[in-house]
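First to last, the protein sequences are chains A and B. Residue numbers for the first sequence follow numbering that gives the first Met the number 0, beginning at 0 and rising by one. Residue numbers for the second sequence follow numbering that gives the first Met the number 0, beginning at 0 and rising by one. Where a beta carbon is used, it is the ideal one built from N, C-alpha and C, also for glycine. From a predicted model like this one, the values you see are computed outputs, not experimental measurements.
2 protein chains.
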Amino acid sequence: MMIGEVAEKSGFSVHTLRYYEKIGLLPTSHRDGGGRRSYDDDVLRWLEFLSRLKDLGMPIRDRVLYARLRTEGDSTIEARRRLLQTYRDALAKRVISLTETLDVLDAKIASYDTTGTPLKGPRK
Amino acid sequence: MMIGEVAEKSGFSVHTLRYYEKIGLLPTSHRDGGGRRSYDDDVLRWLEFLSRLKDLGMPIRDRVLYARLRTEGDSTIEARRRLLQTYRDALAKRVISLTETLDVLDAKIASYDTTGTPLKGPRK
DNA sequence: GCTTGACTTAGAGCACGCTCTAGCCCCTAG
DNA sequence: CTAGGGGCTAGAGCGTGCTCTAAGTCAAGC
Chain A
0 MMIGEVAEKS GFSVHTLRYY EKIGLLPTSH RDGGGRRSYD DDVLRWLEFL SRLKDLGMPI
60 RDRVLYARLR TEGDSTIEAR RRLLQTYRDA LAKRVISLTE TLDVLDAKIA SYDTTGTPLK
120 GPRK
Chain B
0 MMIGEVAEKS GFSVHTLRYY EKIGLLPTSH RDGGGRRSYD DDVLRWLEFL SRLKDLGMPI
60 RDRVLYARLR TEGDSTIEAR RRLLQTYRDA LAKRVISLTE TLDVLDAKIA SYDTTGTPLK
120 GPRK
């Protein structure tokens, strides 16, 4: 696969993929005869996982750290586990908080719908 | 209340509160004799709501829009409802997606814990 | 053999959302 | 009456994470 196809399938832009390689989120690519990057399917699964880490709010430097640990092999498994655990716990709290926010919004929207104004009625 | 107390109670910095006023997220403050901003308790509830909107991912320009609509009175209620509804729906999807991510992380962490390595065993 | 289009690099530029600095003023306590 | 701890303004600066540009190379089809 050339980089354009990876971009299309992963949802990351070509620019972003090269940037990710430069900062160490993607391993140094194999090159074809003409010097172009050549990928196999594994990269798509890795990018999907990276995009989850990004989406849950892990900053790029910790994604880079995780990527680096991964390349260093089995001896870093415990460190990787701890890193993921930290973000997992933060995420669990975040999901709870966002669920509360969903309720707050629903209440607000309902107050707009039913009274025509949230300021009339028994206070708010 | 002076700005320092609002900062302490709301969790936003003094700098940020002045910035929020400048861009229209907070209404123009009343001033005391010496030209200092003077707030009443309402601002804390508004800041708490703003911080929820921020937390769910509403960009600052839409928070400013919402704040502006609010100052324009009841005629903007329908517009405000639509704005909140849009972000509410996106948030609902996001909560689902983050919940999936939580499962993915738990599975990954479990694989680290039980096998000592995620690469051994029946293929990952 | 030439055009087209996807690829290459290094490095500049950008949007967002603050965050901080400089130089000033004002109020209160000792 | 002075020191200290707020507060004030305008505007510069910054961290994050891309995003884009310029100038060039390469491979395949007509």
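{"Query": "C-beta neighbour in chain A for residue 82/B, strict 8 Å", "Result": "no"}
{"Query": "Counterpart residues of residue 29/A in DSSP-defined beta bridges", "Result": "37/A"}
{"Query": "Where residue 111/A meets chain B, residues with beta-carbon distance less than 7 Å", "Result": "76, 79, 80"}
{"Query": "Residue nearest to residue 58/B in terms of C-alpha spacing, selected from 91/B, 4/B, 1/B, 83/B", "Result": "83/B"}
{"Query": "Close-in-space but distant-in-sequence residues of the same chain around residue 30/B (CB under 8 Å, 5 per side omitted)", "Result": "36, 37"}
{"Query": "Inter-residue Cα distance where the pair is residue 104/A and residue 26/B", "Result": "22 Å"}
{"Query": "Any chain B beta carbon closer than 8 Å to residue 98/A", "Result": "yes"}
{"Query": "DSSP-derived helix/strand/coil call for residue 71/A", "Result": "coil"}
{"Query": "Test item: CB-CB of residue 12/A and residue 46/A under 8 Å", "Result": "no"}
{"Query": "6 Å Cβ shell around residue 75/B - same chain, five flanking residues per side excluded", "Result": "68"}
{"Query": "Test: residue 68/B CB closer than 8 Å to a CB of chain A", "Result": "no"}
{"Query": "Residue 55/B vs residue 55/A beta-carbon contact at 8 Å", "Result": "no"}
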